Amino acid sequence: MARPLGYWMLVLHTHIPYVLSHGKAPHGTDWLSESLVECYLPLYALTDRLQKQGIPARYTISFTPILQEQLADPDFQTEARAYMDAKIDAAQADMQSFTQHGARWMAGLAYLWQAYFEAQRAIYEGLDGDILGAFRRFQDAGLIEIATSAATHGYLPLIGRDECVRAQVQLGVQTYQKHFGRAPRGFWLPECAYRPAYRWLPPVAHEVLPAAERAGVEQFLSEAGVGYFFVDTHMLRGGTPLGTYWDRFPALRQLYEQFAAHYRPEQTERTPYRAYRVPAPEPLAVFARDPASTVQVWSGEHGYPGDARYLEFHKMHYPGRLRYWRVSENKADLGTKQPYAHYDAFEAAQAHAEHFVNLLKQTLWAHYQATGTPGVMVSMYDTELFGHWWHEGPEWLYLVIRRLAADPDIEMLTGSEYLERFPPEEVVFLPEGSWGEGGSHYIWLNEDTLWVWDALYRAETRFMSLLQRYRECAELMPYLQQLARELLLAQSSDWTFLITTGSARDYAEARVQDHLRRFEGIATLAETLATGADAPPDLKALYQESRQRDAVFEDLPLDGWA
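This is the structure we're talking about:
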């Protein structure tokens with residue numbers, strides 16, 4: 002086979018925070034059910050469709066450990082089936098209502114929704130509810146590669162203690178081994194957030210968490226046997242994070258000044274179209290996100306999902322909350338949206354797949370002309386974009402992969418496949434940053450979220466103190482494990498993100514407070530039991546509620562916090 006012009010690595014990041022309720026007041030389980038039905042099952046279906054045509058999908062996909070635990074939970078599988086049944090009923094009710102009012106086109110769309118949800122239900126039943134097992138079989142057959150992530154998607158650079166960073170990483174690897182039967186090679190850093198080693202002082206809670214020499218994130222990945230991870234493009238260029246937040250927000254500026262005092266920017270301009278080595282005890286590679294293909298797909302304004310022919314996400318028909326309108330030429334006014342035309346959307350997906358493949362070729366050809374070597378474009382997206390935010394996204398993915406399979410100029414490779422062929426030699430020292438606004442920590446650390454980090458640092462310190470005192474006490478082990486679960490769940494980067502963006506601020510604040518309330522109660526219960534005193538009934542009830550509601554990471558090992 003002739004050497005291609007270049008390579009394409011499609012990387013999908015799959016994450017939903019913990020939303021299961023196990024019979025208690027719901028955390029928001031529909032969020033997870035929507036993603037299963039609109040994203041994960043269609044992704045399974047297109048991968049299976051390609052396999053039957055003799056085409057390996059060859060994407061790299063991460064499933065966060067907290068999502069793995071939820072998808073495998075029998076309670077969720079029951080809820081998912083009920084969710085699909087409710088959507089089928091809603092489509093049937095809409096079809097009847099539209100028909101009665103003479104809206105025949107809308108009734109036809111309702112019928113398509115009914116068929117859609119029935120098809121997803123049939124796929125799920127065919128898998129016996131085991132969506133993780135389906136992707137595991139794809140990986141075992143060499144069709145795709147599955148990566149892992151931090152246990153609960155904790156924002157690693159801002160976690161206060163190295164023991165807690167290590168636990169997030171090691172539990173991420175252990176949970177992956179449990180569900181996929183092998184060790185992971187790839188690791189998705191939550192929010193692509195990275196911090197190198199330096200003497201670090203937290204932005205708050207200095208009295209409980211003084212300045213200390215901190216290991217870089219790469220140290221924990223290497224310890225856990227990870228082979229590669231991903232960062233945003235700006236971090237390869239050795240510059241400082243962009244943004245206007247330093248003067249306005251002293252805590253963020255303080256962190257940056259600590260980092261800058263230990264970091265000397267490199268002058269070399271590095272291309273994102275190759276992998277690099279990161280200094281670590283064991284071989285560790287890093288890939289950077291390609292900016293051109295990212296904007297083309299992600300942007301609702303300039304990218305494909307904003308095309309007038311695609312399904313409009315924001316306008317729904319109540320009470321069933323199904324969508325019957327297209328984006329339309331007037332994007333801003335929901336009242337002027339036109340009815341969805343399925344075939345027009347299919348034509349748009351065909352055209353955009355062809356355009357995207359041409360974009361890959363143009364970019365890789367320019368790199369080849371400049372360097373004389375084939376490059377690799379790493380396109381990184383949230384899995385939930387395909388099917389949920391962009392209804393036609395799974396079909397677009399199928400069309401792109403099928404085109405590339407027949408194109409001699411570009412070859413798709415997974416992360417491990419690329420590294421096996423092209424082991425990186427050049428070493429890169431990465432700056433601190435993320436893929437958030439301005440390339441910094443601002444989205445997760447600002448005036449509105451500082452109280453979260455103060456509470457988390459105090460909880461980390463209390464947990465480590467209790468663990469050191471009672472690690473050898475078998476009677477207290479269940480309480481320490483549940484403390485660890487509540488701390489892990491409170492550390493999720495989703496809460497500070499949602500607080501900052503305002504999209505679900507009250508919900509996110511309540512979730513953090515709820516996990517920390519249970520943490521504090523169980524910590525007090527453990528201290529009381531350690532003295533030999535009887536357990537206060539209210540704290541015992543709180544512990545039992547926590548065990549039922551936040552039942553993840555069964556037989557949770559505590560050695561990660563060593």
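Numbering (the numbering used here) for the sequence shown: 2 to 563. Glycine included, C-beta positions come from ideal geometry on N, C-alpha and C. Small disclaimer: the values here were computed from a predicted structure and weren't measured.
Buried or exposed, going by whether 16 or more other CB atoms sit within 10 Å of the CB of THR372? Counting Cβ neighbours within 10 Å, THR372 comes out exposed, since fewer than 16 surround it.
Whose C-beta lies closer than 8 Å to the C-beta of PRO340 among residues of the same chain, with five residues either side of it excluded? For PRO340, the CB contacts under 8 Å within the same chain, skipping 5 residues up- and downstream, are TRP106, MET107, LEU110, TYR325, TRP326 and ARG327 in chain order.
According to the neighbour-count rule (16 or more other Cβ atoms, all chains shown, within 10 Å of its Cβ), is SER435 buried or exposed? Using a 10 angstroms sphere on the CB of SER435, the tally of other CB atoms reaches 16 or more, which defines it as buried.
Thinking C-alpha only, which one of THR374, ALA542 and LEU490 is nearest ALA151? The shortest C-alpha separation from ALA151 is found at LEU490.
DSSP state of VAL328, grouped into three classes? DSSP places VAL328 in coil when its eight states are reduced to three.
Is there contact between the segment 464-471 and the segment 499-506, where contact requires at least three CB pairs shorter than 8 Å? With a cut-off of 8 Å, the segment 499-506 and the segment 464-471 do not count as touching, because too few Cβ pairs lie within range.
How big is the Cα-Cα spacing for ASP31 and ALA286? Approximately 37 Å, taken between the alpha carbons.
Between the Cα of ILE62 and those of VAL38, THR15, TYR19 and GLY440, spot the shortest distance and give me the residue it belongs to. Comparing Cα positions, the closest option is THR15.
When you compare each of ILE17, TYR125 and GLU219 to ASP86 by their alpha carbons, which one comes out closest? Checking every option, the nearest Cα to that of ASP86 belongs to TYR125.
At which residue ranges does the segment 24-109 contain complete alpha helix (DSSP H) runs of 4 or more residues, listed in the order of the chain? As far as the segment 24-109 is concerned, its whole alpha helix (DSSP H) runs of at least 4 residues are 30-36, 42-53, 66-72 and 75-101.
What did DSSP end up calling THR149 once you bin it into helix, strand or coil? Correct three-state label for THR149: strand.
Find the nearest neighbour of ALA342 within the set PRO5, SER329 and GLN545, judged by alpha-carbon distance. Minimum Cα-Cα distance from ALA342 among the listed residues PRO5, SER329 and GLN545 corresponds to SER329.
What whole-angstrom Cβ distance do LEU191 and SER494 have, given they're in contact under 8 Å? A small fix is needed here, since residue 191 is Pro in this sequence, not Leu. That pair is a contact at about 5 Å.
Would you kindly check if the distance between the Cβ of PRO203 and the Cβ of TYR458 is under 8 Å? Yes, the Cβ-Cβ distance between TYR458 and PRO203 is below 8 Å.
What whole-angstrom Cβ distance do VAL379 and PHE230 have, given they're in contact under 8 Å? Going by Cβ atoms, the distance from VAL379 to PHE230 rounds to 11 Å, so no, they are not a contact pair.
Who are ILE611's beta bridge partners in DSSP? With the chain covering 2 to 563 only, the question about residue 611 has no answer from this structure.
Taking C-alpha atoms, which residue in ALA184, THR462 and GLN297 lies nearest to ALA1? For the chain, the structure presents residues 2 to 563; residue 1 sits outside this window and is missing.
Can you tell me whether LEU335 is buried or exposed, with buried defined as 16 or more other CB within 10 angstroms of its CB? It counts as exposed.
Provide the residue(s) that pair with VAL209 in DSSP beta bridges, ordered along the chain. Beta bridge pairing from DSSP links VAL209 with no other residue.
For GLN351 and LEU386, believed in contact at Cβ under 8 Å, the rounded distance: Here LEU386 is actually not in contact with GLN351; their C-beta atoms are around 19 Å apart, not less than 8 Å.
Start and end of the beta strand (DSSP E) containing ARG310? From DSSP, ARG310 is part of no beta strand (DSSP E); its letter is neither H nor E.
Is the segment 164-176 touching the segment 198-214 in the sense that three or more CB pairs, one from each, lie closer than 8 Å? Contact between the segment 198-214 and the segment 164-176 is absent, with fewer than three C-beta pairs closer than 8 Å.
Assign TRP189 to one of three DSSP states: helix, strand, or coil. Note: TRP189 maps to strand in three-state DSSP.
For THR450, count the other beta carbons within 10 Å of its own beta carbon; 16 or more makes it buried, fewer makes it exposed. Which is it? Buried.
From the DSSP output, read off the bridge partner residues of HIS14. Secondary-structure assignment with DSSP links HIS14 through a beta bridge to SER63 and ASP383.
Go ahead and pull the three-state DSSP assignment for SER294. In this structure, SER294 counts as helix in the three-state DSSP scheme.
Classification of ASP556 by the beta-carbon crowding that lies within 10 angstroms, buried from 16 upward: Exposed, since its Cβ has fewer than 16 Cβ neighbours within 10 Å.
Determine the DSSP secondary structure at MET317, reduced to helix, strand or coil. DSSP, read as helix, strand or coil, puts MET317 in coil.
Please state the DSSP three-state secondary structure of PRO242. Residue placement at PRO242 is flagged as unreliable, the pLDDT there being 47, under the threshold of 50; a coordinate-derived value is accordingly withheld.
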